[in-house]
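Just below is one structure, and these are the notes that go with it.
Protein chains in written order, with my numbering: chain A, 8 to 371; chain B, 8 to 371.
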């Protein structure tokens, strides 16, 4: 087992990464400050993991509630959030209750947001069950829900007390979801870790085959990269660079997800194609060599990710990209690549170039 | 005009207190970091103050949106909050939009909570139009909405960039609302400022007659007291004392408000009677002299506050008090008085004593 520490002053917390650790009572107890916990999960995950987790907690004499939500990005909204609040209120939970998010990014974001806002903030622990959640939402403290007009538009920064990333859990993951997680893993190589990008080019098949050791390495290195970025810019206030770089591919990706309706494409799939759009746009600006765009495209393909977005229409793209919250002061700000391993933010792109990059990556 | 600084590190902000200052463009501009603002208010306040505020802002070349909510505590909920989110999304507001809360505590709490959670946090300014909001919600950063099972159960800590407390605004306030605000003013004397309590005994009629100078003094001294408490315990994490002392009368008060349905009694009215319950309970424990209970009762009466709560039944009180968020670990923790000017928290009270104090202050 490896421990990665996310350094955020008095909000620092450990990420434990290893095989078969989600039901390790001593690990769980180390992150708990209360005798009462509420496990928040969805119906799919509950069937596989909830019983064992709850048994472990109860065997440690904790009082455990189960809150089971419907599965899917389309339920990441205020109505589902109310299911959590209602259960906590009905059971008279107070500020000494700890929430445990058992699930992927949707569960982590919603449970984290419930923790951020229930009685103005209670502790929470994350047990991410997808690769995407392990390498993305386990670091950064971003929590929230979607608004009908945009993803993650309602939210808060709220740090967990502990993250347990169990690599065994990825074995039950549908192949598409593993690939979606790999998109974010590749992202860390692209934005700030060239050596890791090389490692991924060598080891991609070990990851798609879910080899424990390779997965643990990729999770640790991804989280370490993200933790370094977040530690320097916890609340996303840096004007250029900073956390904004983590959004490589996300402005395009959000447009794809929104246009198709949340949940049609997985977040990681949309980000993967979005990163390719950003790479092509970078090449158009003369920032990135064409051969590097090809390397990116090949690696995404080997990760099992789609390279072409559905053709939703240029105008619709621009419209939806305007609603993205990285859009500062009404102008489009994009994350582009100077090279593999170096990203930067820019507003200095023309609509023509943006549209051309989108068309390059869209189905005819 | 007086300026009180609330010291909270990089979240510090000024409270400007004075007569006719809400439409002072230079004051407003000093607190703004963006060219775009959304004024959040209710239909009652909008009629009196919105036009002048918006004109002032537009004359300063700002882009101004108006978001008008229904008036009343019964609308302090998720549905009304969505009106704010929907307007901000529809108008494509981003993180550089500043919200301005123009209204009483309900508007301040909801607008502040929308600011805390829209795109994970945007700036906001408060222009409190009631005495209660000027002396209570303008300091402390507590924002939130009600849950059907309890007040302020969903929320966040979020500090404004600026508060403008215009004493002239209190002249349009219904008498009951002025009295409700005075309950919180009296509270500061009770919990930590004996000299202020004396001042109130001497000057209460100047306040009920809304004399500008007296009001400004009471607002400044109340806010200063609250700011000192909050600076020492921003996130209400102190186990004993700290911010908890600000809740004198609130546990009883919340029970009254909830039992009657939000909005039947004003918050300050319920807190006033709740403080008397706390005083009587303190006397029962031998902490407080009977003559001090009488002084408290007389001052509340001169402030125009009810001394008797409706008889909602002892069991219902206990049940509703159990849902209060100051209730740590499932046991009832109350704020009581050692003397006038000194409060402390305790769990060391019997149900019998609590019920007796409630009965002393309830209608037959």
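Built from N, CA and C at the ideal position, the CB exists for glycine as well.
Three-way DSSP call (helix, strand, coil) for residue i in this model
i, result
"residue 237(A)", "helix"
"residue 99(B)", "coil"
"residue 81(B)", "helix"
"residue 218(B)", "coil"
"residue 289(B)", "helix"
"residue 356(B)", "coil"
"residue 14(B)", "coil"
"residue 42(B)", "coil"
"residue 173(B)", "strand"
"residue 324(A)", "helix"
"residue 122(A)", "helix"
"residue 20(A)", "strand"
"residue 28(A)", "coil"
"residue 9(B)", "strand"
"residue 251(B)", "helix"
"residue 316(B)", "strand"
Cut-off 7 Å between Cβ atoms - residues of its own chain near residue i, not counting five sequence neighbours on either side
i, result
"residue 230(B)", "11, 22, 142, 145 and 146"
"residue 115(A)", "108, 133, 135, 140 and 144"
"residue 213(A)", "221"
"residue 65(B)", "71"
"residue 55(B)", "179"
"residue 250(A)", "236, 237, 240 and 243"
Contact list for residue i against chain D, beta-carbon separation under 7 Å
i, result
"residue 154(A)", "Given the protein chain composition of this structure (A and B), no chain D is represented."
Contact list for residue i against chain B, beta-carbon separation under 9 Å
i, result
"residue 210(A)", "In chain order: nothing, as chain B lies at least about 34 Å away."
Chain-ordered chain A contacts of residue i [CB-CB under 9 Å]
i, result
"residue 178(B)", "What residue 178(B) touches in chain A: nothing, since even the nearest Cβ is about 33 Å away."
"residue 149(B)", "127"
"residue 164(B)", "127 and 128"
First and last residue of the uninterrupted beta strand (DSSP E) at residue i
i, result
"residue 200(B)", "Here residue 200(B) belongs to no beta strand (DSSP E), and DSSP marks it neither H nor E."
"residue 147(A)", "That residue, residue 147(A), is in no beta strand (DSSP E); it is neither H nor E in DSSP."
"residue 157(B)", "157-164"
"residue 346(A)", "341-346"
"residue 106(A)", "104-110"
Interface partners of residue i on chain B, CB under 8 Å
i, result
"residue 125(A)", "160 and 161"
"residue 85(A)", "85 and 89"
Own chain residues within Cβ distance below 6 Å of residue i, not counting five before or after
i, result
"residue 123(B)", "150, 163 and 165"
"residue 299(A)", "347"
"residue 5(A)", "Any question about residue 5(A) goes unanswered here, given that chain A covers just 8 to 371."
"residue 1(B)", "No answer is possible for residue 1(B): the residues shown for chain B start at 8 and end at 371."
"residue 9(B)", "24 and 227"
"residue 355(B)", "none"
"residue 159(B)", "151"
"residue 186(B)", "310, 311 and 312"
"residue 260(A)", "277, 278 and 281"
Residue i, enclosing alpha helix (DSSP H) - first and last residue
i, result
"residue 352(B)", "Per DSSP, residue 352(B) belongs to no alpha helix (DSSP H); it is in the beta strand (DSSP E), 349-353."
"residue 258(B)", "257-267"
"residue 134(B)", "Element bounds for residue 134(B): not the alpha helix (DSSP H) but the beta strand (DSSP E), 131-135."
"residue 303(A)", "297-309"
Neighbourhood of residue i by C-beta distance below 8 Å, restricted to the same chain and skipping five residues each side
i, result
"residue 40(B)", "103, 105, 130 and 168"
"residue 238(B)", "13, 14 and 15"
"residue 183(A)", "273, 276 and 311"
"residue 200(B)", "228, 232 and 348"
"residue 90(A)", "74 and 76"
"residue 32(B)", "63, 64, 66 and 67"
Under 7 Å from the C-beta of residue i: neighbouring residues of chain B
i, result
"residue 250(A)", "By Cβ distance, chain B contributes nothing, its closest Cβ being about 11 Å from residue 250(A), past 7 Å."
Proximity test, residue i beta-carbon vs the ligand HEM heavy atom, cut-off 8 Å
i, result
"residue 55(A)", "Ligands are entirely absent from the displayed structure, and the ligand HEM is therefore not among its contents."
Amino acids of chain A, ordered along the chain, whose beta-carbon sits closer than 7 Å to that of residue i
i, result
"residue 157(B)", "96"
Task: alpha helix (DSSP H) runs contained entirely in the stretch 49-76 of chain B, provided each spans 4 or more residues - done: Restricted to the stretch 49-76 of chain B, the alpha helix (DSSP H) segments that are unbroken, complete and at least 4 residues in length are 58-66, listed in chain order.
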